[in-house]
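Heads up: the sequence shown begins at 5 in my numbering, then just goes up one per residue.
Glycine is no exception: its CB is placed at the ideal position from the N, C-alpha and C atoms.
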Amino acid sequence: MAMAAATTTPLFYVSATTQGKTLLSSYFNPIKKISHLSRSKASPDSKTIDCDGLKLKPVRLKSSSHQICGMPLSQGFQVKAMDDYASGEGELAKPLIGSSTRNEAFTWSSVIFPFLFPALGGFLFGYDIGATSGASISLQSAELSGTTWYNLSAIQTGLVVSGSLYGALFGSLIVYPIADFLGRRRELIVAASLYVLGGLITGLAPDLAVLIIGRLIYGLGIGMAMHGAPLYIAETSPSQIRGTLISLKELFIVLGILLGYLVGSVEINVVGGWRYMYGLSASIGIVMAIGMWILPPSPRWLLLRAVQGKANLGEYKEKAISALSRLRGRPAGDKASEGQIEDTFDSLKSVYDGQEQEGSIWEVFEGASLKAFIIGGGLVFFQQITGQPSVLYYAATILQCRISAASDAARVAVIIGIFKLLMTGIAVAKVDSLGRRPLLIGGVSGIVFSLFLLAAYYKILQGFPVAAVVALLLYVSCYQISFGPISWLMVSEIFPLHTRGRGISLAVLANFGSNAIVTFAFSPLKELLGAANLFALFGGIAMLSLLFVIFYVPETKGLSLEEIESKVLQ
5 MAMAAATTTP
15 LFYVSATTQG
25 KTLLSSYFNP
35 IKKISHLSRS
45 KASPDSKTID
55 CDGLKLKPVR
65 LKSSSHQICG
75 MPLSQGFQVK
85 AMDDYASGEG
95 ELAKPLIGSS
105 TRNEAFTWSS
115 VIFPFLFPAL
125 GGFLFGYDIG
135 ATSGASISLQ
145 SAELSGTTWY
155 NLSAIQTGLV
165 VSGSLYGALF
175 GSLIVYPIAD
185 FLGRRRELIV
195 AASLYVLGGL
205 ITGLAPDLAV
215 LIIGRLIYGL
225 GIGMAMHGAP
235 LYIAETSPSQ
245 IRGTLISLKE
255 LFIVLGILLG
265 YLVGSVEINV
275 VGGWRYMYGL
285 SASIGIVMAI
295 GMWILPPSPR
305 WLLLRAVQGK
315 ANLGEYKEKA
325 ISALSRLRGR
335 PAGDKASEGQ
345 IEDTFDSLKS
355 VYDGQEQEGS
365 IWEVFEGASL
375 KAFIIGGGLV
385 FFQQITGQPS
395 VLYYAATILQ
405 CRISAASDAA
415 RVAVIIGIFK
425 LLMTGIAVAK
435 VDSLGRRPLL
445 IGGVSGIVFS
455 LFLLAAYYKI
465 LQGFPVAAVV
475 ALLLYVSCYQ
485 ISFGPISWLM
495 VSEIFPLHTR
505 GRGISLAVLA
515 NFGSNAIVTF
525 AFSPLKELLG
535 AANLFALFGG
545 IAMLSLLFVI
555 FYVPETKGLS
565 LEEIESKVLQ
């Protein structure tokens, strides 16, 4: 397909159609002899067709002509000139105009609420992390607890701190069999209700047992929200900003952490302040529940149910068109929404290839799904096992070891939260331009260094408390440009559609399982090993995670969900 250098040649769009359906299409250089194009090579099940070595892929074509420079094509093919193309290499250009779902027209105002209310699920997860940092100090203070059971053992403290994480672990188990039935929207409504109930029980707890029960219920909400939110955002956002929006969900987690730190710093000197720290979450949960009730279901989920044969095709297509129109702020029955839904339906049908049931749990451990689980599950596992929950949940406690006043330690924790927020903003701004791998490799390298610096502080640098603050700031900054946003982004986009619901459930399970173990074990391990050896252990694990990222994690920047499945996982 060579071309003469420094020439400009029209580039044409070739599409095979039959009975009004597009079978294949591609950008085509008319200098290449096209007489070998033959309709007989196409079939309704074709995903690609070979035309003299040129692979043609299915997309929708809206208008066409029937010849190139007077040369008629074989019957059934349509052609449209798109733009001029000049290349000394003579290779085919990348698509100048993608399908309607790839370069979708949208306004930022139309994507705010479909992002905001699901993101509150992550916000409330983050709030729990920040609030627990201060509440763990308030709860164990003879003067500030306001209880008679303030003298908690290391194991009891671990249960209080990690209670929500064990609830999240259980929630991720519950969501596995019901997530695809409920759908993303209803799953998030249930999660918000659990947030409200758990926050109220925790804030009003009369004893330790009820407090732990409230923490477990709140955690059920975390488990469901952290499964449903990335799915809803990924499936309702325009593909060109999908990475940014999913990463912004991590920003909301950080905003929640910061608010938790702020509330902790205000209430730390109030008797029974831990009740206010935990109880505030209920009001935010109410806002999330109302918002998700107003939002429409995910159009992709509606189509998926139809493709799987679990819903009436015509009815759910209409619902999907209506949902997409609402999400984009378009009038009901909008033609652009109808075209996008048709494109998405064709794509889903092609991916499923006649399969009617969603993948079972065992299919997650086969072929492309297994590769996706190793990547996604590995990222969220290392995200926690490198010590992240210990650093965040116990930030104020770590600092209080060197800062005498609890209020001062809580204020420094707020500074860490602000720094964490700023670094998350940088990651969100760069994730779709720099890509996933560069941020992961650079960030995890910094995590390794910061953990060994924290270990060195406890071992030989105790006379320099600034070293602890620097290490914590470095840790959170590197975490927030790597594991923090990228892990959940990769989990939401890496699994094949056929096993996406099951795969994400298992990844969430791996995340919260490792999170709960690390958080619960931190206090006992600190007593057993000493802080220096414990953070050195985390540093060693972080080195292993860096090797995992370098050798196993692919780049998915700029790819649609279907392209990730067809290109990255094969």
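(message) To the nearest angstrom, how far is the alpha carbon of Phe-385 from that of Ala-336?
(response) Spanning the alpha carbons of Phe-385 and Ala-336 requires a straight line of approximately 43 Å.
(message) If distances are taken between C-alpha atoms only, which option among Leu-443, Ala-376, Leu-551, Ser-157 comes closest to Phe-499?
(response) Among Leu-443, Ala-376, Leu-551, Ser-157, the Cα nearest to that of Phe-499 is on Ala-376.
(message) Just to confirm my understanding: we take Ser-491, look at its own chain, exclude 5 residues before and 5 after, and list those with CB closer than 6 Å. What are they?
(response) Taken in chain order, the residues that qualify are Leu-383, Val-384, Gln-387.
(message) Restricting to Cα atoms, I'd like to know which of Leu-192, Tyr-180, Lys-339 is closest to Ile-298.
(response) Of the candidates Leu-192, Tyr-180, Lys-339, the residue whose Cα lies closest to the Cα of Ile-298 is Leu-192.
(message) Just to confirm my understanding: we take Leu-259, look at its own chain, exclude 5 residues before and 5 after, and list those with CB closer than 7 Å. What are they?
(response) Spatial neighbours of Leu-259 in its own chain (CB-CB distance under 7 Å, excluding positions within 5 residues in sequence) are listed in chain order as Phe-127, Gly-130, Leu-425.
(request) Using the Cα positions of Leu-215 and Gly-225, report the straight-line distance between them to the nearest angstrom. (result) Their backbone Cα atoms lie some 16 Å apart in a straight line.
(message) Looking at the secondary structure, which residues open and close the alpha helix (DSSP H) in which Asn-515 lies?
(response) Run containing Asn-515: 504–533, per the alpha helix (DSSP H) assignment.
(message) Can you list, in chain order, the residues of its chain with a C-beta nearer than 7 Å to that of Leu-284? Leave out the 5 residues immediately preceding and following it.
(response) Counting only Cβ-Cβ distances below 7 Å, and skipping sequence neighbours, we find Val-267.
(message) Here's the rule: buried if 16 or more other CB atoms are within 10 angstroms of the residue's CB, otherwise exposed. What is Ser-282?
(response) Contrary to the premise, residue 282 reads as Tyr rather than Ser in this sequence. It is buried - the Cβ of Tyr-282 has at least 16 other Cβ atoms within 10 Å.
(message) I'd like the span of the alpha helix (DSSP H) that includes Thr-560, first residue to last.
(response) Neither: Thr-560 is in no alpha helix (DSSP H) and is coded neither H nor E.
(message) Are the CB atoms of Leu-538 and Leu-529 within a distance shorter than 8 Å?
(response) Yes, Cβ-Cβ distance for Leu-529 and Leu-538 is below 8 Å.
(request) Compare the C-alpha of Leu-557 against each of Gly-318, Val-452, Ile-379, Gln-344 and name the closest. (result) The amino acid occupying residue 557 in the given sequence is Val; Leu does not appear at that position. Among Gly-318, Val-452, Ile-379, Gln-344, the Cα nearest to that of Val-557 is on Ile-379.
(message) At the level of alpha carbons, what is the spacing between Asp-436 and Ser-114?
(response) Here the alpha carbon of Asp-436 sits roughly 20 Å from the alpha carbon of Ser-114.
(message) Can you find the residues in the same chain that come closer than 7 Å, C-beta to C-beta, to Asp-211, ignoring five residues on each side of it along the sequence?
(response) For Asp-211, same chain residues with a beta-carbon under 7 Å away, outside a window of 5 residues either side, are Trp-153 in chain order.
(request) Please name the residue, chosen from Gly-295, Tyr-265, Tyr-180, that lies closest to Ala-135 on a Cα-to-Cα basis. (result) Checking every option, the nearest Cα to that of Ala-135 belongs to Tyr-265.
(request) Determine the contact status of Ala-520 and Leu-169, defining contact as a CB-CB distance below 8 Å. (result) Yes, the Cβ-Cβ distance between Ala-520 and Leu-169 is below 8 Å.
(request) Within 10 angstroms of the Cβ of Lys-339, are there 16 or more other Cβ atoms? Answer buried if so, exposed if not. (result) Under this definition Lys-339 is an exposed residue.
(message) For a quick check, are the C-beta atoms of Ser-287 and Thr-240 less than 8 Å apart?
(response) For the pair Ser-287 and Thr-240, the CB atoms are not nearer than the 8 Å cut-off.
(message) Within 10 Å of its beta-carbon, does Asn-316 have 16 or more other beta-carbons around it, so buried, or fewer, so exposed?
(response) Counting C-beta atoms within 10 angstroms of its own C-beta, Asn-316 has fewer than 16 neighbours from the protein chains shown and is therefore classed as exposed.
(message) Counting beta carbon pairs with one atom in the stretch 427–436 and one in the stretch 247–256, are three or more of them shorter than 8 Å?
(response) Taking 8 Å as the limit for Cβ pairs, the verdict is that the stretch 427–436 does touch the stretch 247–256.
(request) Whole angstroms is fine: what's the gap from Thr-348's alpha carbon to Val-448's? (result) Roughly 36 Å separates the two Cα atoms.
(message) Would Gly-505 and Ala-183 be called neighbours here (beta carbons separated by less than 8 Å)?
(response) Taking 8 Å as the Cβ cut-off, Gly-505 and Ala-183 qualify as a contacting pair.
(message) Within the continuous alpha helix (DSSP H) that includes Lys-314, where are the two ends?
(response) Per DSSP, Lys-314 lies in no alpha helix (DSSP H) and is assigned neither H nor E.
(message) DSSP three-state label for Gly-333, please.
(response) Of the three classes helix, strand and coil, the one that applies to Gly-333 here is coil, per DSSP.
(request) Pick out whichever of Leu-444, Phe-524, Ala-324 has its Cα sitting closest to the Cα of Phe-555. (result) Nearest option by C-alpha distance: Leu-444.
(message) According to DSSP, simplified to helix, strand and coil, what is Glu-271?
(response) Glu-271: helix per DSSP, three-state reduction.
(message) I'd like to check one pair, Ser-518 with Thr-161: are the Cβ atoms closer than 8 Å?
(response) With contacts defined as CB atoms closer than 8 Å, Thr-161 and Ser-518 fail to qualify as a contacting pair.
(request) Assuming Val-452 contacts Ala-514 (C-beta within less than 8 Å), just tell me the rounded distance between them. (result) About 21 Å separates the two Cβ atoms, so there is no contact after all.
(request) State the Cα-Cα distance for the pair Ile-272 and Thr-523, rounded to the nearest angstrom. (result) Cα-Cα distance, rounded: 22 Å.
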